[in-house]
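Asker: Counting in my numbering, the sequence shown runs from 10 upward without gaps. Provided herewith is a single structure, encoded as structure tokens, for subsequent inquiry.
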Amino acid sequence: MQNTSVRIWDLPTRLFHWVLAICVVALVVSAKMNAMDWHFRLGYATLALLLFRLVWGLMGGYWSRFARLFYTPSQIADHVSGRKDHSTGHSPLGALSVIALLAVLCLQVASGLASDDEISVSGPLTRFVSGEWVSTATWWHASIGQYLIYALVALHVFAIIVYALRGKKLVGPMITGDKLLPPETRSSRDSVATRLYALVLLACALGVAWWVSTLGSF
């Protein structure tokens, strides 16, 4: 049976992906340029994006849900060996990459909120934790955390290149949302109603991020 265009990535997931990528790059640039005001603004924006994704991973389109990110060891082995294709949504290796990157980004944002450079800037959560925790968060944020992100992003880009060389395009579907697949493949909901719902969730996430940003001024 001939393959047909199937909606795999809903619009909220696609926008999250690209806006998060832009924020991560801008965070690195602002840190290297010591533009800390912008670094904090971008950090709060990233916090909002991650909060949105955590909820969207439970309620979003079928292939965007966290339930679709977990594979058994045998499924991972089948995919790596080429015995079976598990790439309708995220492949097993891609799913591991997504989980790792989201986890590290969450930890990086959290550590940034509790960091203090003891010169001019401090995160809004420093007043709520001990000096030892602040020191640990500052160390992690400025060293281990950022290098983990570099490594995971590099691995992500490398995987995209490898898959492209094997004839599997990953960037295109993350732009259009669609893949050519068997017509019986389950598609993701991506209606006006779900997009409006995602917009409400994002507004709530932005509200939480704004509230967190005000904690340091109390």
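C-beta atoms are modelled at their ideal positions from N, C-alpha and C, and glycine is treated no differently. Bear in mind that the values here come from a model prediction, so they are computed numbers and not experimental data.
According to DSSP, is Val15 helix, strand or coil?
Answerer: Three-state DSSP puts Val15 in a strand.
Asker: Compute the distance between the beta-carbons of Ser90 and Leu164, then report whether it is under 8 Å.
Answerer: No, they are not a contact pair.
Asker: Would Gly66 and Phe79 qualify as a contact pair, given that the criterion is a beta-carbon distance under 8 Å?
Answerer: For Gly66 and Phe79, no; Cβs fall outside 8 Å.
Asker: Look at the alpha carbon of Ile184 and the alpha carbon of Leu24, and state the distance between them as a whole number of angstroms.
Answerer: In a straight line, the C-alpha of Ile184 is about 9 Å away from that of Leu24.
Asker: Quick check on DSSP: helix, strand or coil for Ser131?
Answerer: Strand at Ser131.
Asker: Kindly provide the ranges of any beta strand (DSSP E) runs that are 3 or more residues long and lie completely inside the segment 66 to 96, ordered along the chain.
Answerer: Listed in chain order, there is nothing to give.
Asker: Does the beta carbon of Tyr172 fall short of 7 Å from some heavy atom of the ligand ZN?
Answerer: With respect to the ligand ZN, the structure shown offers nothing to examine, as it has no ligands at all.
Asker: Do Tyr53 and Arg195 have their beta-carbon atoms positioned less than 8 Å apart in this structure?
Answerer: No, these two residues do not count as a Cβ contact at 8 Å.
Asker: Give the secondary structure of Lys188 by DSSP, where H, G and I count as helix, E and B as strand, and everything else as coil.
Answerer: Residue state, collapsed to three classes: strand.
Asker: Got a sec? Which residues, its chain only, sit under 7 Å from Ala109 by beta carbon, not counting five neighbours each side?
Answerer: Around Ala109: Leu161.
Asker: Quick one: measure Cβ to Cβ for Thr97 and Ile169, integer angstroms, because I've assumed they're closer than 8 Å.
Answerer: Going by Cβ atoms, the distance from Thr97 to Ile169 rounds to 17 Å, so no, they are not a contact pair.
Asker: Which residue wins for smallest C-alpha separation from Leu224, given the options Arg136, Pro182 and Lys93?
Answerer: Ranking the options by Cα distance to Leu224, first place goes to Arg136.
Asker: Assuming the contact rule is C-beta atoms closer than 8 Å, Leu60 and His48 should be a hit. Round their C-beta distance to whole Å, please.
Answerer: 19 Å between Cβ atoms; not a contact.
Asker: Cβ of Gly69 within 8 Å of Cβ of Asp126?
Answerer: Not in contact: Gly69 and Asp126 (Cβ atoms no closer than 8 Å).
Asker: Restricting to Cα atoms, I'd like to know which of Val64, Val130, Thr81 and Val166 is closest to Asp46.
Answerer: Among Val64, Val130, Thr81 and Val166, the Cα nearest to that of Asp46 belongs to Val130.
Asker: Assuming Ser197 contacts Ser73 under a Cβ cut-off of 8 Å, what Cβ separation, rounded to an integer in Å, is found between them?
Answerer: Contact holds; Cβ gap of about 6 Å.
Asker: Count the CB pairs spanning the segment 140 to 148 and the segment 166 to 182 that are closer than 8 Å, and state whether there are at least three.
Answerer: These segments do not touch.
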